[in-house]
Amino acid sequence: MVLVINGPYGDSGHEDHGHPERPERLVAAMAAVNDLDLGTDLVVVPSYSASRADLLRVHNGNYLDELGAFCYSGGGNIDDDTYATLDSWSIAKYAAGAGLKVIEELRQRDDGIGFVAARPPGHHALADRAMGFCLLNNVAIAAAELLSQGERVLIVDWDVHHGNGTQQIYWDEPDVLYVSTHQWPLFPGSGSGSEVGGRHATDRTVNIPLPPGTTGDVMLRALEVVAGPVIDAFNPTWVLVSAGFDAHRDDPMADLRLTSGDFAAMTNYAVNCAPRSGRVVFFLEGGYDLRALRSSIHATLSTALGRPQVSEAPSNGGPGVEHIARINSARRTAIEILHATDETETAP
Amino acid sequence: MRQFENIAVGYDGSSDATTAVAWALRAAHETGATVTIVHASGLLEHLRSRFSPDELPAALQLLAKQCSFDERRIRWLVSDGDACSVLLRMASAPIDATMLVVGSRGEGKREGLLLGSTSLEVAEHATVPVVVVPASYVEHAAVI
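These protein sequences, in sequence, are chains R and G.
Each residue of the first sequence is one higher than the one before, counting from 1 in this note's numbering.
Each residue of the second sequence is one higher than the one before, counting from 1001 in this note's numbering.
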């Protein structure tokens, strides 16, 4: 099976001294790809800068204008977390376009696994606002392309932070199922189990908030129990993974206790949600400890390709099992309330 | 006025935010409102916490004294999220703020910049009245 990755696009102009979201993250990601030693089974697609039309499927036009103008004026801090530089607008468009090219290649081959090694990450970016290190929502832009082709898209987001941007963008879209595992409480403060989607997409958002210290066994179990039935009913035709690796136990940005072996197990789960080969793409989101990032990406991609190479055993024994029933209960209640409200409003 | 029952004000440690808190405390002093001062804890704060959730920052304790406001009537919160989302959340349960107060510019923001303007974002999306306190405020406040 081939691994399809995006071509290089020169991300080094998007950096801010001392900031954890830095170009070296992509160096670590590409080192993980090289560690796979794939030879001719590695396919690198041409770089592509997302067009305005691509971006407008997800983002507000005024926001795009402001972001472009801000970057061209030299950039600076957008908020306490998020920066942009003179080059960030161009770089962000290449990061957004990378997923589109990888998907196009997988479609043509009808086989393989996709990996978008691009930055800045995207899952916090809202339709009209940058936040949480994110400028453009790369995975949402890729999902929009698939939607335009009539696909049903499952987005699995295992970054340690809730992907509030992706959730907001597809909140009321019945052909996108958004599933997120994340630490809670933690930035951005959203992602409770009771957030289940909008009126037209009830049960198309599945949040699995987990306490600090959670290990991989609990996370996987929560995915199976809470998200499993919803994914089965949704029956996706494509699976996009917002693959942040900051849930790793060595990551400085959070307090979960996963290992690279856990990401391999999560990968198996995600890949098995796809109808066939050539329908899964991993998008780099967070992950700020470079060694953990490299080993976790390596474990993820080698597992997805069916030749697992895992350097750390899966973790177990952490807290959070008791949260699973609570999450399901919160989901049920929220769905019942939404249905009851609908019935009240449609009653003669 | 009901708007002056329960005031929530954002605080990021900047001079603009301090000015906004001062306005909120004076308004609350005159109207008998309660005040919630909230700090949005961003992604980077996991690396370097700026404020303890357990204790009102010393600068705000001093400010309360200067405004003759009883510190015990202040609720201090550190909440996960970006400044805009956190302040908007204050208008919902359990805080149920009846007015949101924000400084015109936050820390590190550039003058005249629309992108990333917390005050504009809050004013656009809020469900309760919003007061944007200009950096130059001394006795008067601008109300949007």
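All residues carry an ideal CB built from backbone N, CA and C; glycine is no exception.
Since the model is a prediction, treat every value here as computed from it, not as a measurement.
Report task. State the DSSP-derived secondary structure class of E1007/G, mapped to helix, strand or coil. Result -> The identity of residue 1007/G in the sequence shown is Ile, whereas the question assumes Glu. The answer is strand: DSSP assigns I1007/G an E or B state.
Query raised in the report: Nearest-angstrom Cα distance between M30/R and I297/R?
Result: 9 Å
Report task. Name, going along the chain, the residues of the region 1031 to 1051 of chain G whose beta-carbon falls closer than 9 Å to a beta-carbon of chain R. Result -> A1040, S1041, G1042, L1043, L1044, E1045, H1046 and L1047
Query raised in the report: Measuring CA to CA, which of S1119/G, E1071/G and Q1061/G is closest to L1088/G?
Result: S1119/G
Report task. Rank H124/R, P8/R and Y63/R by C-alpha distance to the C-alpha of S190/R and give the top, closest one. Result -> Comparing alpha-carbon positions, the option among H124/R, P8/R and Y63/R lying closest to S190/R turns out to be H124/R.
Requested in this report: Over the uninterrupted beta strand (DSSP E) stretch that includes I155/R, give me the two end residues.
Outcome: V153 to D157
Query raised in the report: For the region 180 to 198 of chain R, which residues have a beta carbon sitting closer than 9 Å to at least one beta carbon of chain G?
Result: W184, P185, L186, F187, P188, G189 and S190
Query raised in the report: What are the start and end residues of each continuous beta strand (DSSP E) run of 3 or more residues lying completely inside the region 152 to 195 of chain R, in chain order?
Result: 153 to 157 and 176 to 183
Query raised in the report: chain R partners of V1086/G, CB-CB under 8 Å?
Result: G189
Query - Short CB-CB distance (under 9 Å) between M131/R and chain G - result: Yes, because at least one Cβ of chain G sits closer than 9 Å to the Cβ of M131/R.
Report task. Just the chain R side, please: which residues come within less than 8 Å of S1079/G by C-beta, in chain order? Result -> G189
**Report entry** Cβ shell of W238/R (< 6 Å), same chain only, five flanking positions each side left out
**Finding:** L146, E151, V153 and R279
Requested in this report: Go through the region 15 to 83 of chain R residue by residue and report every complete run of the beta strand (DSSP E) that reaches 3 residues or more, in order.
Outcome: 42 to 45 and 75 to 77
Requested in this report: Return the residue from the list G18/R, A28/R, K93/R and R331/R that minimises the CA-CA distance to V196/R.
Outcome: Relative to the Cα of V196/R, the nearest Cα in the group G18/R, A28/R, K93/R and R331/R belongs to R331/R.
Query raised in the report: What are the boundary residues of the beta strand (DSSP E) that M1099/G is part of?
Result: M1099 to G1103
Query raised in the report: Taking DSSP as the reference, what is the three-state secondary structure of A1046/G?
Result: The sequence as given places His at residue 1046/G; Ala does not occur at that position. DSSP, read as helix, strand or coil, puts H1046/G in helix.
Report task. Compute the distance between the beta-carbons of A1024/G and V1035/G, then report whether it is under 9 Å. Result -> Closer than 9 Å, so yes.
Query - Chain-order list of residues whose beta-carbon lies under 7 Å from that of S329/R (same chain, five-residue window excluded) - result: none
Query raised in the report: Three or more beta-carbon pairs under 8 Å between the region 230 to 246 of chain R and the region 334 to 345 of chain R, yes or no?
Result: Using a Cβ-Cβ distance cut-off of 8 Å, the region 230 to 246 of chain R and the region 334 to 345 of chain R are not in contact, since fewer than three pairs of beta carbons, one from each stretch, lie closer than that value.
Query - Ranges of the alpha helix (DSSP H) found wholly within the region 264 to 322 of chain R, counting only runs of at least 4 - result: 290 to 304
Query raised in the report: L338/R: which of D172/R, R326/R and D217/R sits nearest, CA to CA?
Result: D172/R
Query raised in the report: Could one say the Cβ of D1012/G lies closer than 9 Å to chain R's Cβ atoms, at least one of them?
Result: It does: the Cβ of D1012/G has a partner Cβ on chain R nearer than 9 Å.
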